[in-house]
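Q: In the numbering used here, the protein residues as written are 468 to 636.
All C-beta atoms in this analysis are idealised placements derived from N, C-alpha and C, irrespective of residue type, glycine included.
Sharing a structure with you now.
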């Protein structure tokens, strides 16, 4: 926008009786009350919990006979669920998906130096089932149950959504 010469002159050097023109951004601007109180309040930082401890029902027995029960599982990423699909073992046998996937997301198991799919495939079936359910729970925001209503009587109840294979929605 182009200013006229008179407007520029009035802004630069106001004459007698003339009010100085207010410029945008000039002078203190009072802050709204809610901004001041928000600035005074400490900022609440939200953190996302990404690792979850667990204890196996039976425990993994290593080659020396040591039983490992305590472990930690992290939240799965999209990559964790996609990479195993390229694995030849999973392509030949889709049931192997859960073994490979759990091998990626278990970050600690007792004193085992590195957890991988070879460790998971040598676990007892009850421990594997426990880990599959635990994976579903932590990756479904802590639960695998949904509230529903009976279509006949409209009575509310909960349904277990678990039971599908890992890596499938």
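Check each candidate in 524, 542, 543 and name the one with the smallest Cα separation from residue 534.
A: The option with the nearest alpha carbon to residue 534 is 524.
Q: From residue 625 to residue 530, what distance separates their C-alpha atoms?
A: 43 angstroms
Q: By how many angstroms is the C-alpha of residue 563 removed from the C-alpha of residue 583?
A: 13 angstroms
Q: If you draw a straight line from the C-alpha of residue 568 to the C-alpha of residue 513, how long is it?
A: 28 angstroms
Q: Please identify the residue among 519, 528, 572 whose C-alpha is closest to the C-alpha of residue 591.
A: 528
Q: Leaving aside the five residues before and after residue 517 along the sequence, list all residues of the same chain whose C-beta is less than 8 angstroms from its C-beta, in chain order.
A: Short of 8 angstroms from the beta carbon of residue 517, and not among the five residues preceding or following it, lie these beta carbons of its own chain, in chain order: 541, 542.
Q: Leaving out five residues on either side along the sequence, give the residues of the same chain with a beta carbon under 8 angstroms from the beta carbon of residue 578.
A: 533, 535
Q: Return the first residue and the last residue of the beta strand (DSSP E) that residue 546 is part of.
A: No beta strand (DSSP E) contains residue 546, which is instead part of the alpha helix (DSSP H) from 545-549.
Q: Note the first and the last residue of the continuous beta strand (DSSP E) segment covering residue 536.
A: 534-541 is the span of the beta strand (DSSP E), which, as asked, contains residue 536.
Q: Would you kindly check if the distance between the Cβ of residue 566 and the Cβ of residue 548 is under 8 angstroms?
A: Not closer than 8 angstroms, so no.
Q: Please tell me whether residue 586 and residue 598 are closer than 8 angstroms, where the distance is taken between their beta carbons.
A: no
Q: Could you pull out every residue in the same chain whose Cβ sits closer than 6 angstroms to the Cβ of residue 551, ignoring the five residues on either side in sequence?
A: 557, 564, 567, 568
Q: Output the distance between the C-alpha atoms of residue 573 and residue 538, rounded to the nearest integer angstrom.
A: Those two C-alpha atoms are separated by around 7 angstroms.
Q: Report buried or exposed for residue 560, applying the criterion of at least 16 other Cβ atoms within 10 angstroms of its Cβ.
A: exposed
Q: Do you know how far the Cα of residue 600 is from the Cα of residue 554?
A: 22 angstroms
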